[in-house]
Structures are given as C-alpha cells and as structure tokens.
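If you read the protein sequences in the order shown, they are chains A and B. Take 84 as the starting number for the first sequence in my numbering and just add one per residue. Take 84 as the starting number for the second sequence in my numbering and just add one per residue. Input: a single structure, listed below in structure tokens.
2 protein chains.
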Amino acid sequence: MSPGPGPTRKLVRPRGRRVGDPDAAARQGSVREHNLTLVLRHIIEAAVPPSRADVAAATGLTRATVSVLVERLFRAELIRELEPTTPQRVGRPAIPLAPASGTIAAIGLEVNVDYLGACALDLSGERLAERVIAGHFRNSDPREVLARVAALAAEVVTQLQDQGIRLVGACLALPGLVDSRRGPLRNAPNLGWRDLDVGAILRAHAVFDTLPLRVANEANLAARAEASFDRQIKTFVYVSGETGIGAGIVLNGEVYRGRHGWSGEIGHTVVDPRGPLCSCGATGCLERYAGKDALMLEAGLSPDQPIGVLVEAAERGDERALRSITDAGQALGVALANLVNLVDVDQIVLGGIYAPLEPYLFDAVVAQLRARVLSAPWATVTVRAAKVGAGPAMVGGAQAVLRRLIADPASWVAGGD
Amino acid sequence: MSPGPGPTRKLVRPRGRRVGDPDAAARQGSVREHNLTLVLRHIIEAAVPPSRADVAAATGLTRATVSVLVERLFRAELIRELEPTTPQRVGRPAIPLAPASGTIAAIGLEVNVDYLGACALDLSGERLAERVIAGHFRNSDPREVLARVAALAAEVVTQLQDQGIRLVGACLALPGLVDSRRGPLRNAPNLGWRDLDVGAILRAHAVFDTLPLRVANEANLAARAEASFDRQIKTFVYVSGETGIGAGIVLNGEVYRGRHGWSGEIGHTVVDPRGPLCSCGATGCLERYAGKDALMLEAGLSPDQPIGVLVEAAERGDERALRSITDAGQALGVALANLVNLVDVDQIVLGGIYAPLEPYLFDAVVAQLRARVLSAPWATVTVRAAKVGAGPAMVGGAQAVLRRLIADPASWVAGGD
DNA sequence: AGACTTTGTATTCTCGCTGAACTTATGCCC
DNA sequence: GGGCATAAGTTCAGCGAGAATACAAAGTCT
C-alpha cells in the first residue's frame, strides 16, 4: 500500500512523552530520551567539566553509550568540548565537556512593584543581556506596563539574534496568583492587576510571534534561581519579601506549584485571626506585619522609600526601626513555623528585602521556629539569606525555560539535526 | 579467563532501579519494569476488569506486548483471569483481568490513643482479616503495648499462612513524628511516647523475623486509604481528627512526606499566637481548639468518652456542645486556610472524629476558608467527610506495603519464577 | 624507547517493543 | 446451518538502544 494520505490513514499512536511519565508506555526511544537528559544534566550540573568517562562512571552507562549520546548533544550545540587540561596524570588525557555557551538562550522577564526587567541566560548560566527599569508600578495600567516589558524584551532579542544566538522561549514573573494551566493572571494585589490574561496581552506584541512565552509566579521563579545556586540543597523554602510576601517551595530540586500554581502564598497566611484587616479581605495576614509597607510604616518611614533606608535606621540603632523589624520577624517566624509543620522542610532562605535586614531580623524568626516547630528538637531548621543577587525572579524565569529544554533534549536534537 | 570468584572479580554495576528514577541510567530492562508496572496498575485501578486489548488501548502498548506482560504477572500470581462475560457483542470474547485475590497480602497495624488494631489486605483490596482491641493508651508503656500489637499481628499471620497466602510485609501506623529514614519514633505526645525505636522493639518479636516491617505516620496512611477510595481525586488533604490532629497531604496521587516524613503536623499549627499553652510547649496550637480533648471539655464532657456523646449532645441542641463545635470549626478553618494558601489543594477531607460532626462543624470551616484563602474567588475549596470506615490508618498501612509491590512487580516476578 | 594507563571508538550481542500476519471465538445474516 | 464480519489474543521477523568486549589513541613513568 502506498503511504499516501488517504482517508484510511492510520492514527499516529500517542508516543510516550517521557520515561518519567508513569502513565505512558515506555519504549526503546524513551530509554534514549531518558539517558540523553541524564547525560546533559550531569554535564550542566557538574562542579568541574567531566569527561565522557566521568559521565559514564557517574551515570552507570557504558563509555560507548555515553560517547554516542555526547555526540548527539554536541551536534545539537547543547554542549561543547573544552581544551584538555595539561595532564598531570598517566593515561590518555580526557576531553572536558561543558554546557555550550552563546548558542542557545532563554529570556526572563519581570514586572514588580518597583521595577521592570528583562534578561537572557544561556545554558552555561551566563547572563548574556540585562535591562532593568526602576519605577513605581503600584496600581499601574497593565497594558502600558506590558508594552514597556515587550519593548525591553525586543531589545534583548535583537541583540542576541545579531550574535546568532537561538532563543528557545521567555518567561514572565509576576507577583501574584498566576493560573499555571489556563494562563490568566488572577490577582496581583500590589500591582492592582486582577483577572487579566497577561500572556495574551504580551503575545500580541511582535516579539513574541516566534518566541514561546510563559507566565509564572515571581517567588516560585526566584526559588528556582536560588536552587540553581547551591545544588546540594534540594529541599527548601524561598521567601520573597517585597511589598507582598511570596514563597517558593522546592521539594527535591523541583518547585512545587500546587493544583493551580498558587502554592506558597505565605503573605496571606494568618498570623493573628483578630489582627488588622488586609487588602485581601481577611484579617491578620502576615503581609500586614512583615510586608515592606508594614515594616516601613511601623518604623516611621514612607513605604515608597527603598529598603536601604530602614537598614540604615537600624544600623543607627533607631528604636522604632529595630522594634518594627523584630515585630516583623516574630510574625514571619510564626508563619514559617506553620509552613515547616505542614511541609517539613529544614532550610529556609529569606530573599528580597529580608536579605539586607538579616542582622536585625533573623534572630526573631529563628526563635519562633525553635518554639513552634514540633520537630525542632530533632532537626534544626536553618535560616539564611538568599544568595542570588538582583532580579532573582527574572533569572529563575530564564532558567525555567532552559530547564524544559534540558529535560527534553531529544526534541531539540531531532529538530536541530 | 575463567569466571571464578577471583580477587580481580569485576564489581557489579549498580543497575538503574527504576525508569522513574531520574538519576539512574535507563536500559532495556527499565522499559520492561516500567511497562510491567503500568499494566499491573491499570488492571488494579480499572473500574471494570479490562481485557488485554483494553489494557493495550489504554496504555499505548501493542497487544503483543501486553500479552507477554500479562503472562508474567499471571505467573507471579499478581493478577488472575476472570470468566468471560456472556458476550453480547460480535467478535471473540475478551478475557477480563483482575488483581489476584487471596494469593498475596500485606498487614496493616495501628496503635492509637483508644485502640490497637491489625488487618490484612490482598491485591484486590479485600480485607482478609481484622483484629481490633479498644482501650486507653494515653501515657502507656510502649513495650507492653507493642507486645500486644505483635500478638495481634501473629494471629493474623498464622491465619493467613494456613490459607497459603504469601505475606509481603507489614506497616505500623502511629500518631506522631516518625522518622521515615532512620526509623525511630521521635514524638507521639498523646501516647506519651518519645524517642523510641518502635521498629526495633517490634522486630524483636518472632512474627517479624520473616516479615518486613515499616513504621509511618497515622494521618499519612489514612490519607492513602482515602485516596484509594476515589482515584479520580488525585490532590487533596486528609485531616485526621483524634486526640491529636494530623494531616496527610496527597499530591497527584502520592502522599507527600517531606524531608523527614514529618509533613502535615497541622495540629501544632498556630491559630492564635497568644492562645493557651499546648503540650508541645508552644501557644495557641490548633489542637488546643479542635482536638478531641478540647472539643469535649468545652462542651462540658469528659475527654475519655467516645465522640458519639458529643454528637448526641449536638443533636439534642445542647448549647455548649454546639458552641464548642463551632469554635473548633473556626480554628480548624483558619489552620486549613493557611494550608491551602501554602500548598494549593482544592479538596479537603475531614476524617476521624470530624466525620460524624459534619452537620455541626463544616459550615464554620467552609466560612473561614472562603474568607481567608486568597484564591477562593477563583477556585472553591471543597470540604467533605471521609469515606473510609473504621481504622483508615491500618488499611492505609497495608496498602502502602502493597503499593511498593505494585510499583516494582519486576522483583516479585523474577523471584516467583 | 617501551611498558603501562586511561580515554574514547568500533563491533557484535542481547533484550524488549513494534508491526503485521495469523489463529481463535463469537455474533450476524441469509 | 454455513459463510462472513469482527474482535481478542498469539506468533514471528525486524529494529533500536544499551552492554560487553576488543581495539585505537594519547599521554606518563621508568
């Protein structure tokens, strides 16, 4: 029978997407996909560039198989060979393998209460481009703001395309409830945005005609960026303190998003049911005690000033400032104790405005954790400041896009062949 | 070279355990293991017994492959063929496949504040045996109580072995912090047990010489039992209300245990930081508002009476009883709102003493959820009473053991060949 | 210079799934 | 009742991917 597209043409069997999918059938191709990912991940995450033999030893594959897989990854420009190090060891010198740099990149975008930003990352983790605009976007006009974001993205995209770098996608970080399945932004109280299909608005701009765009929660993305900093720590909670307070829960190296993608809304966790009214309609939310506005106002400062002003006041020994920070720390400690009792993590990373407040804030947090976490006597919960610098959510967004590529290099290898 | 066990014998390469493990190399054998599990799971979880052809259609495997895999499962006594239904359809009649019954079983054990129990389940989910002893085990002597549990287990084991049923393992449910990695019980405040290697004590009894034993948290196991009741609902939180209050968080069909296995300790979540002192040392824990003791005492009843007494009082319209239940419901609602804000689940199942209190309790819970969950306007959180009957944790324990077998039938197939 | 050591590649083998043909068992229709 | 259509289950050649083994390559050590 000729393979023409006749009416009786057979339906294509839905191929098992990944070996990891427990509900799909596995076939030989799944094995290859799995191992391709395994090898790529190992090369990208290794502390020092490994040779083919190192990869084989670490993964349990044979050197022969690794050679074949490496060849594929190499041809797809996902990895590169480095110069052999001057060998101080007997035997044939190894060829170190590393993630390719400057071949493939992803774009991270962000809208926050006091800045907009765009950045680009390649597989080696290098920041190829960055644009940040400071401003005040509380109760801003979404279409106008998003147009500016699109302009930033366009700048970055043209810059990279001029260098011949291929772009795999973009991800926008927002401080609010983003529906991870159906796309629309539900509620970003501090931007004043509500029930808005941000993805659709942004995709109307020409830049995104060929560039796939995702939208995700700011804290979740920042958590991902922090996770990539220290890969040893696989399970932790990242708390993003800004005007609002969000948390990204990382379980075993994977950001936990929940049923709809709305996990980690610690800012609207109850600290005291009889406490003050919050913008969300409930009473006694953490945000009313430890959000930036509350911190600044309690210290007698304007909430629109940068956090550095509060830090300076604390450094001067200003009573009101110190009291404000300690109160916030207690509330934060209560909320985090609840989180730890529920989710059982043993590492907490405080980012955003909390990082510079570390010397004045953390003791109160730790004290509450010690008192209120049921398992505290058996496993101490460590609290530390975030290591990622500026724009963690932007970086995390780009990483999220790259991560998809890394998790499924087979499609890219086939496409670029 | 002769394959003798000389000193230069090659090390056995660590074989990739499962295809699901993202850090292990996949090989052809992994494909078979994966598909074997896939087929077995499909047969066990199907609403009506499927034929080989049905399984093939559902999984995406070919009928040829399914035939081979079914043959293996059949020989290992994991599944059985049913009589063909009187066919009302054209074509060769299908042979329905179902989980084997009465061939392989697992034991569930439980120690709780007011009863001990043991039960046995086979792959078809049938309860082959059950023993329950009522009593009061608050501040009991662990060794004495565990000896009684071992005796219960021994009774069940001999009964089953007389019937020629093979036992794959046992799992003990405890209301407290169980270290899922290193084994010891850390803290079961309501039993008064603390820092006790329950597993080791129990394993000293002869029954467990050949029977692998695990120890796990009561609420987590009860959640698993509830999950098996309605497989459609894959993500929910089960709340086990007894003297203490525990929660089992089920994400995508899998119980989330956390870093150490201590997740879901909702009973020691803070409802009001200035509230009354709790046995755990902190203040204002949920348990002080919605635990059985608090409920009974507030209603003017003795905490050692069964919950039915409170239900009857409420039915009579007793003011104190109704007030007590409503107060508990509010506190529970606050704690659950926090949980939902953090973990983003949209189903809550209330079990234990809360199930019979449904008509008087749930409204208060739902009201708090509606007011305090940030995402409430976009996705309602449903609250319902548990469906599993008596001893959910026991049943869940047995299921947990069987689940391991189902997740890795390859080992059993090879062993029973 | 030659033995030794380690890396990376080539070749053959095995294993498990696919696809297509084949067998079996039933209902339907004349 | 006998063919025909239909669906379930089985058999078998083929293929793709990793394992095992042997071998080539590129160095160090003596």
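Just so it is clear, CB atoms sit at the ideal spot from N, CA and C, and this is done for glycine as well.
Could you give the distance in angstroms between the alpha-carbon of B:L94 and the alpha-carbon of A:L243? By 1-based counting over the second sequence, the position of residue 94 of chain B is 11. By 1-based counting over the first sequence, the position of residue 243 of chain A is 160. At B:L94 the pLDDT is 31, less than 50, meaning the model places this residue with poor confidence; the figure from the coordinates comes in the next sentence. Cα to Cα, B:L94 sits roughly 49 Å from A:L243.
Run through chain A and tell me which residues come within less than 7 Å of B:A365, C-beta to C-beta. Within the second sequence, the letter at position 282 stands for residue 365 of chain B. Within chain A, the residues near B:A365 are A454 and R455.
Length of the line joining the Cα atoms of B:A493 and B:E116: Counted from its first residue, the second sequence places residue 493 of chain B at position 410. Counted from its first residue, the second sequence places residue 116 of chain B at position 33. Roughly 6 Å between the two C-alpha positions.
Would you mind stating whether B:E348 and B:L457 have Cβ atoms separated by less than 9 Å? What you label residue 348 of chain B is simply residue 265 of the second sequence in a count that begins at 1. What you label residue 457 of chain B is simply residue 374 of the second sequence in a count that begins at 1. Not closer than 9 Å, so no.
Looking at the unbroken alpha helix (DSSP H) that takes in B:I127, where does it start and where does it end? Counting from 1 along the second sequence, the entry for residue 127 of chain B is found at position 44. Q111 to E128 is the span of the alpha helix (DSSP H), which, as asked, contains B:I127.
What separation, rounded to the nearest whole angstrom, lies between the Cα atoms of B:A139 and A:V281? Your numbering for residue 139 of chain B matches position 56 in the second sequence. Your numbering for residue 281 of chain A matches position 198 in the first sequence. The alpha-carbon atoms of B:A139 and A:V281 are separated by roughly 41 Å.
Neighbouring residues, chain A, relative to B:R512 (Cβ below 9 Å): Residue 512 of chain B falls outside the range modelled here, since chain B spans only 84 to 500, and no answer is possible.
Proximity of A:L393 and A:L433 at Cβ, strictly below 9 Å: Numbered from 1 along the first sequence, position 310 holds the residue referred to as residue 393 of chain A. Numbered from 1 along the first sequence, position 350 holds the residue referred to as residue 433 of chain A. No; because the gap between Cβ atoms is not below 9 Å, this pair is not in contact.
Near-chain A residues of the stretch 341-356 of chain B - C-beta to any C-beta below 9 Å: G341, R342, H343, G344, W345, S346, G347, E348, I349, G350, H351, T352, V353, V354, D355 and P356
How big is the Cα-Cα spacing for B:R101 and A:L121? Counting from one through the second sequence, the residue named residue 101 of chain B turns up at place 18. Counting from one through the first sequence, the residue named residue 121 of chain A turns up at place 38. Confidence at B:R101 is low in this model, with a pLDDT of 44, below 50, so its placement is unreliable and no value can be given for it.
Could one say the Cβ of A:L334 lies closer than 9 Å to chain B's Cβ atoms, at least one of them? As a working mapping, residue 334 of chain A is identified with position 251 in the first sequence. So yes, A:L334 belongs to the interface.
So B:N303 is in the alpha helix (DSSP H); what residue range does that whole segment cover? The sequence position of residue 303 of chain B within the second sequence is 220, counting from 1. Per DSSP, B:N303 belongs to the alpha helix (DSSP H) from E301 to F312.
Reference B:P179, options B:Q430, B:N270 and B:P132, closest by Cα: The sequence position of residue 179 of chain B within the second sequence is 96, counting from 1. For the residues B:Q430, B:N270 and B:P132, the minimum Cα distance to B:P179 belongs to B:P132.
Is it true that the stretch 176-195 of chain A meets the stretch 229-239 of chain A, where meeting means three or more beta-carbon pairs spaced less than 8 Å apart? yes
Answer with yes or no whether the minimum CB distance from B:R210 to chain A is below 9 Å. By one-based count along the second sequence, residue 210 of chain B stands at place 127. It does not; no Cβ of chain A falls within 9 Å.
As a quick exercise: from A:A253, A:T409, A:D427 and A:I162, pick the residue whose alpha carbon is nearest that of A:F291. If you number the first sequence from 1, residue 291 of chain A lands on position 208. Comparing Cα positions, the closest option is A:A253.
Beta carbon proximity, B:L94 to chain A, threshold 9 Å: As a position in the second sequence, residue 94 of chain B is number 11, starting the count at 1. In this prediction, B:L94 has a pLDDT of 31, which is less than 50 and means its spatial position is unreliable; nothing more can be read from the coordinates.
Considering B:D205, what are the terminal residues of the beta strand (DSSP E) in which it resides? Here residue 205 of chain B is taken as the residue at index 122 of the second sequence, counted from 1. Residues Y198 to D205.
Three-state class that DSSP yields for B:G347 in the structure shown: Residue mapping note: residue 347 of chain B aligns to position 264 of the second sequence, counting from 1. Of the three classes helix, strand and coil, the one that applies to B:G347 here is coil, per DSSP.
In three-state terms, what does DSSP make of A:A236? Within the first sequence, residue 236 of chain A is the residue found at index 153, counting from 1. If DSSP states are grouped into helix, strand and coil, A:A236 belongs with the helices.
Would you be able to state if there are at least three C-beta pairs under 8 Å between the stretch 214-225 of chain B and the stretch 195-204 of chain B? yes
A:E213, DSSP secondary structure in three states: Locating residue 213 of chain A in the first sequence gives position 130, counting from the first residue. It is a strand residue.
Within 10 angstroms of its Cβ, does B:V496 collect 16 or more other Cβ (buried), or is it exposed? Within the second sequence, the letter at position 413 stands for residue 496 of chain B. Per the 10 Å Cβ criterion, buried.
Can you list, in chain order, the residues of the stretch 422-446 of chain B whose Cβ is nearer than 7 Å to any Cβ on chain A? L422, N424, L425, V426, D427, V428 and D429
Can you give, in chain order, each stretch of the alpha helix (DSSP H) that sits fully within the stretch 421-475 of chain A and has at least 4 residues? 441-455
Exposed unless 16 or more other CB atoms sit within 10 angstroms - verdict on A:S385: Along the first sequence, read from residue 1 onward, the residue named residue 385 of chain A stands at position 302. A:S385 comes out exposed.
Between B:R406 and A:D104, what straight-line distance do the alpha-carbon atoms span, to the nearest angstrom? Here residue 406 of chain B refers to the residue found at position 323 of the second sequence. Here residue 104 of chain A refers to the residue found at position 21 of the first sequence. Going by the C-alpha atoms only, they are around 49 Å apart.
Cβ of A:A253 within 9 Å of any chain B Cβ: Walking along the first sequence from the start, residue 253 of chain A turns up at place 170. It does not: the Cβ of A:A253 has no partner Cβ on chain B nearer than 9 Å.
Would B:R286 and B:L296 qualify as a contact pair, given that the criterion is a beta-carbon distance under 9 Å? Translated into the one-based positions of the second sequence, residue 286 of chain B becomes position 203. Translated into the one-based positions of the second sequence, residue 296 of chain B becomes position 213. Their beta carbons are under 9 Å apart, which means B:R286 touches B:L296 by this criterion.
Residues of chain A with CB closer than 7 Å to the CB of B:A462, please, in chain order. On the second sequence, position 379 is the one that residue 462 of chain B refers to. Per Cβ cutoff of 7 Å: H343.
Extent of the continuous beta strand (DSSP E) run through A:D278: Translated into the one-based positions of the first sequence, residue 278 of chain A becomes position 195. From DSSP, the beta strand (DSSP E) with A:D278 extends over W276 to L279.
I'd like to know if the stretch 394-401 of chain A and the stretch 313-322 of chain B are in contact, where contact means that at least 3 CB-CB pairs between them fall below 8 Å. no
Could you name the residues of chain A that B:N303 contacts, counting a contact when the two beta carbons are closer than 7 Å? Taking the first residue of the second sequence as position 1, residue 303 of chain B is located at position 220. Residues of chain A passing the Cβ test: none, with the nearest at roughly 11 Å.
Sorted by chain position, which residues of the same chain lie with C-beta nearer than 6 Å to A:R98's C-beta, five sequence neighbours on each side aside? Looking up residue 98 of chain A in the first sequence gives position 15. Because the pLDDT at A:R98 is just 39, under 50, the model does not fix this residue reliably, and the value given afterwards should be weighed accordingly. So the list is empty, once near-sequence residues are dropped.
B:Y339: which of B:T352, B:T326 and B:A310 sits nearest, CA to CA? Walking along the second sequence from the start, residue 339 of chain B turns up at place 256. Cα-wise, what sits closest to B:Y339 is B:A310.
Interface residues of the stretch 310-325 of chain A facing chain B [CB-CB below 8 Å]: T318
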